Amino acid sequence: MSVELPDTTGVVEQSPEEIADLLGDLAIGRDDHLNAPGFVIKPDTVVETLRRLRDDAGFDHLSCVTAQEYEDRYESIYHLTKYADRTQEVSIVVPADKEQPVSQSANEVFRTADWHEREAYDLVGIEYDEHPDHRRILLPETWQGHPLGLDYDQDQPQVVPLREHANPLLEDQEAEGDSETMFLNIGPHHPATHGVLHIKTVLDGEQVVDLEPDIGYLHRCEEQMCQNGTYRYQIMPYPDRWDYISAGLLNEWAYARVAEDMADIEVPEYAQVIRTMGAELCRMAAHFLALGTFALDIYGDFTALFMYSIRDRERVQNILEDLTGQRLMFNYFRLGGVVWDLPEPREEFFEKTRDFLDELPTALEEYHDMMTSNEILQLRTVDTGVLPPEVAKSYGATGPVARGSGIDYDLRRDDPYGYYENLDWDVVTEDGCDNFSRLLVRMREVEQSARIVEQCVDLLEDWPEDERTIQSNVPRTIKPDDDTEIYRAVEGAKGELGIYMRADGTDKPARFKIRSPCFSNLQTLPEMSNGEYVPDAIASLGSLDIVLGEVDR
Amino acid sequence: MAVPLQGEVMLPERIADLLGLGGIAGEVVGGLIGALIVGNVMLAMTGVAGPWAKRKITAAFTDRIAVDRIGPFGLLIIVADSVRLLSKELIIPEGADRPSYDLAPIILPASALLGFSVIPMGSGIQLADPEAGLALVFAFASIASVALVTGGYASNNKYSLMGGLRAVAQNIAYEIPLIVTAMSVVVFAGSLQMSTIVAEQTSTLISIAGVSIPAWYAFVNPFAFVLFLVANMAEIGRNPFDIPEAPTEIVAGYQTEYSSVYFVLFYLGEFLHVFLGGAIMATIFLGGPAGPVLPGFVWFVIKIWAFFLFTQWCRSAIPRVRIDQLIEIGWKGMLVLSFANLVLTAIIVGVIA
Chain Y
25 MSVELPDTTG VVEQSPEEIA DLLGDLAIGR DDHLNAPGFV IKPDTVVETL
75 RRLRDDAGFD HLSCVTAQEY EDRYESIYHL TKYADRTQEV SIVVPADKEQ
125 PVSQSANEVF RTADWHEREA YDLVGIEYDE HPDHRRILLP ETWQGHPLGL
175 DYDQDQPQVV PLREHANPLL EDQEAEGDSE TMFLNIGPHH PATHGVLHIK
225 TVLDGEQVVD LEPDIGYLHR CEEQMCQNGT YRYQIMPYPD RWDYISAGLL
275 NEWAYARVAE DMADIEVPEY AQVIRTMGAE LCRMAAHFLA LGTFALDIYG
325 DFTALFMYSI RDRERVQNIL EDLTGQRLMF NYFRLGGVVW DLPEPREEFF
375 EKTRDFLDEL PTALEEYHDM MTSNEILQLR TVDTGVLPPE VAKSYGATGP
425 VARGSGIDYD LRRDDPYGYY ENLDWDVVTE DGCDNFSRLL VRMREVEQSA
475 RIVEQCVDLL EDWPEDERTI QSNVPRTIKP DDDTEIYRAV EGAKGELGIY
525 MRADGTDKPA RFKIRSPCFS NLQTLPEMSN GEYVPDAIAS LGSLDIVLGE
575 VDR
Chain P
57 MAVPLQGEVM LPERIADLLG LGGIAGEVVG GLIGALIVGN VMLAMTGVAG
107 PWAKRKITAA FTDRIAVDRI GPFGLLIIVA DSVRLLSKEL IIPEGADRPS
157 YDLAPIILPA SALLGFSVIP MGSGIQLADP EAGLALVFAF ASIASVALVT
207 GGYASNNKYS LMGGLRAVAQ NIAYEIPLIV TAMSVVVFAG SLQMSTIVAE
257 QTSTLISIAG VSIPAWYAFV NPFAFVLFLV ANMAEIGRNP FDIPEAPTEI
307 VAGYQTEYSS VYFVLFYLGE FLHVFLGGAI MATIFLGGPA GPVLPGFVWF
357 VIKIWAFFLF TQWCRSAIPR VRIDQLIEIG WKGMLVLSFA NLVLTAIIVG
407 VIA
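Those protein sequences? They're chains Y and P, same order as listed. Mapping the first sequence onto the working numbering, position 423 (from 1) lands on 447, and the numbers just tick up by one. Mapping the second sequence onto the working numbering, position 242 (from 1) lands on 298, and the numbers just tick up by one.
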């Protein structure tokens, strides 16, 4: 009984030495990370290196770009991996000059580098040559300094002259010449932006000519907040606030996994099962909300489907509340396990969970009756918002967005953690690449999550009473060795949620970088929407299922 | 003796008679009082429908309870909501094109109320019965698009503008099938006069076990009925054709910038148009105010509320089509079908009669 492993035939596995050979003179040094070989390259050879790795070694997924400042240099790290085999990772470390931190942009090889490098520039201050759109991304254009730089003065007043606050629409904004297009601000306050998102749209009649998401309204530099917290307890509450749509435990797992790997902490099997169950409950809750809000985008302001999905999410939340004591900000995971055991009486908890699982097929049938088999919905979603797999890969799309484009990629199976590899479940993919496929993927994933939860409940029920260890022995203070670096990811509700940490010998991380799946997924919106109608752009946005808390962090 | 279904005497004349007035004074006073009654009845129904019934119906569809705190069944929310809405600040956006901005919220409910003037509501309630009644009611109803485009344009807001443009595109696309389908009824009835159309439907279609089924045109020509129903939904801009408002796409379309009293007027106008749509359906397809046992006016109210219920049902359950799909359905589907229906009806009537 186990999950079917991905077909990795034809995926060549390279040893670090082979990668070193491949890179040849490009690599000027080694800087290995805990779970990935790291190669140092010159700042003007980024494109060449990444292209060689992508084309000749199959590293087709630029998962994350981490930027950081040391006492003597700046550094950009490109975390590469493969869609076909997630366990193969390689880090490309690009040092940049302390006085003039300039590095070549990777945008030419991986489109996802566009936003990631903008963020690196915004928060750390590294400049990227040949970048197509070198601007700040999270902070306002008027911001002084780079908050994650070492010499950043946190008390510096961010005085913005009044003229910067002038209403940009006060003057007549008519385009020059015979232009037939119209500029439209969708958001930051708009019923369909699922949070505070601003989309600058250029319309030709009802059709989208150009579209550009403008993010950062919810930015509060969670990375810096985590850098100010101790590993043991103070960081764990933050992940709950990234993807706050009931996906808390999935996020917590991202931190738990990276910190446990870094400090070499074992997690008891019993706690792994509880974690797996809790995480999948969270995934179901998150997907229910995704369904409901997608229905809102397609149907109108008040639909039965939205209420139905909220109703089902509510039932999941009740179970999660029993388990964790919380409904939104769970803070249930601890390094080395979970904070407490299942609620007593256990039978009642199991019964409640089973009741929910038993009624789920009926509920899902109802969704399928009202949604996926509805002809108008099909008319609206099939073949709209098309995201071809090659484009999705270039943008680093993951999660249901990637799986809706036929990319068979799921970290729970491809880079196993927790108890997933011992359970019987499937990775769901759809080949349609459109809004409908993404919807279907989420609906089918709910079924798979239910399967996982069911098996976990069975396991937990039969677990011998004297073996119920919920936490391993973890030192009160965790101080990983100086200059330990690690990048790990888990399958969050929206996709690959990764964290990069660098230790400096203290009990707080020196650099804490969050790789948000929504951030990368949202970047694909223009690809899906340009040339489509406004309603389709809105539907595509809904099908991406972004949470601004995670995009902006 | 019960009041005849369709009195020869119109409501204003009856009022004039009751008041003992004659001549021009009687016509004017009778007309004004009659219009006051009909207008107020309709506005009262809208008042019940908007703040209360709509919420209750939607809640029933979505497994909720909705308003139940104030008054029996939460009915007094109507009062509370009226006070709330009327006491809100009326915000006029910068650069709004006045007076068109102020006219639009008046035109919309007024056009709907005008339409009710020729509708036979049973129990002798009908303000006027001109020979071209059916044509007149469509003419009144379609003034609505003027209000929508005026409001959308005058608001100086791009979302409003898009909503207004969508409204016009939609109304043009669906008015033709709507009227052509209604013409097939005229072919049956042989008249545009509302009272004649209603009277024609009183005959018995078939008798099953002693229960006689009246020759309502919905039974005589169900195809036309369905066509008309769909075109009507588009005409009044309800789901799945609520494109001009499309809350998740263009915020609230033409009424984005309207607040307070103007917003109330827009809302009233929309509900009045829903009821007018229901009234037209009832009159030309469902036998007007006809029905067993209960008085005609009660049946009339039941029929238009049934249509209202139907619009709310669709709102809860059916996705919205896209604007291009809507136009396509209108021009390529509905138009062809409605003409086919008209030709077929003409042939059948020609052969039989």
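Glycine included, each C-beta is placed from N, C-alpha and C at the ideal position. None of the values given here were measured: they were computed from a predicted structure.
- Under the three-state reduction of DSSP, Y:Gln178 is assigned to coil, being neither helix nor strand.
- When C-alpha distances from P:Ser138 are compared across P:Val377, P:Val193, P:Asp153 and P:Leu99, the shortest belongs to P:Leu99.
- Excluding sequence positions up to five before and after Y:Glu37, its CB lies within less than 8 Å of the CB of Asp109 and Gln112, all in the same chain and listed in chain order.
- Against Y:Asp321, the close residues of chain P are Thr304 and Glu305, in the order they occur along the chain (beta-carbon pairs closer than 9 Å).
- Y:Arg526 is bridged by DSSP to Y:Glu509 and Y:Arg535.
- Residues of the same chain with a CB within less than 6 Å of the CB of Y:Pro212, apart from the 5 flanking positions on each side, are Val220, His222 and Tyr241 in chain order.
- Chain order gives the chain P residues near Y:Asp560 as Arg378, where near means a beta carbon separation below 8 Å.
- Non-local C-beta neighbours of Y:Leu77 in its own chain, meaning closer than 8 Å and more than five positions away in sequence, comprise Ile43, Leu46, Leu47, Phe83, Leu104, Val114 and Ile116, ordered along the chain.
- Y:Gln495 carries a strand assignment under DSSP once its states are collapsed to helix, strand and coil.
- Contact check for P:Arg376 against Y:Ile322 passes: the beta carbons are separated by less than 8 Å.
- For P:Met250, the enclosing alpha helix (DSSP H) covers residues Met250 to Glu256.
- For P:Asp119, a Cβ of chain Y is located within less than 8 Å of the residue's own Cβ.
- In the three-state reduction of the DSSP assignment, Y:Gln168 falls in the coil class, being assigned neither a helical nor a strand state.
- Residue state for Y:Asp486 is assigned as helix, using DSSP reduced to three classes.
- Contact between the segment 398 to 409 of chain P and the segment 349 to 360 of chain Y is not established, with fewer than three Cβ pairs separated by less than 8 Å.
- In the displayed model, Y:Glu132 falls within coil according to three-state DSSP, outside both helix and strand.
- Within chain Y, no C-beta atom comes less than 9 Å from the C-beta of P:Asn397; the nearest is roughly 22 Å away.
- For P:Tyr318, same chain residues with a beta-carbon under 7 Å away, outside a window of 5 residues either side, are Leu146 and Pro161 in chain order.
- Taking the Cα of Y:Asp455 as reference, the smallest distance to any Cα among Y:Tyr444, Y:Val425 and Y:Ser473 is reached at Y:Val425.
- If you check the CB distance, P:Thr260 and P:Ile269 come in under 8 Å.
- Within the same chain, Lys144, Glu145, Leu146 and Ile147 come within 8 Å of P:Ser315 by CB-CB distance, once the 5 residues on both sides are set aside.
- The C-beta of P:Ser372 comes closer than 8 Å to at least one C-beta of chain Y.
- Of all residues in the segment 391 to 422 of chain Y, those with a C-beta nearer than 8 Å to a C-beta of chain P are Met394, Asn398, Ile400, Leu401, Leu403 and Arg404, reading in chain order.
- Y:Asp325 has a beta carbon lying within less than 8 Å of a beta carbon in chain P.
- Proximity to P:Ala245 across P:Leu234, P:Gly343 and P:Thr206 peaks at P:Gly343, based on C-alpha coordinates.
- Distances from the CA of Y:Ile570 to each of Y:Ser544, Y:Arg244, Y:Trp277 and Y:Arg97 were compared; the closest alpha carbon is that of Y:Ser544.
- The C-beta of Y:Leu208 comes closer than 8 Å to at least one C-beta of chain P.
- In this structure, P:Ala274 keeps its C-beta atom at 8 Å or more from the C-beta atom of P:Phe327.
- The continuous alpha helix (DSSP H) containing Y:Ala287 extends over residues Gly272 to Ala287.
- At a C-beta separation below 9 Å, P:Pro300 has no neighbours in chain Y, since its nearest C-beta there lies roughly 12 Å away.
- Within the same chain, Cβ atoms closer than 6 Å to the Cβ of P:Ala72 are found at Gly82 and Gly86, the five residues on either side in sequence being excluded.
- Using a Cβ-Cβ cut-off of 8 Å, Y:Tyr176 does not count as an interface residue toward chain P, since no Cβ of chain P sits closer than that to its own.
- Beta-bridge partners of Y:Tyr557 (DSSP): Y:Gln231.
- Residues of chain Y whose Cβ lies closer than 7 Å to the Cβ of P:Pro296 are, in chain order, Ile400.
- The alpha carbon of P:Ala109 has as its nearest neighbour, out of P:Phe196, P:Phe366 and P:Ala210, the alpha carbon of P:Phe366.
- Between Y:Cys250 and Y:Pro533, the C-beta spacing is below 8 Å.
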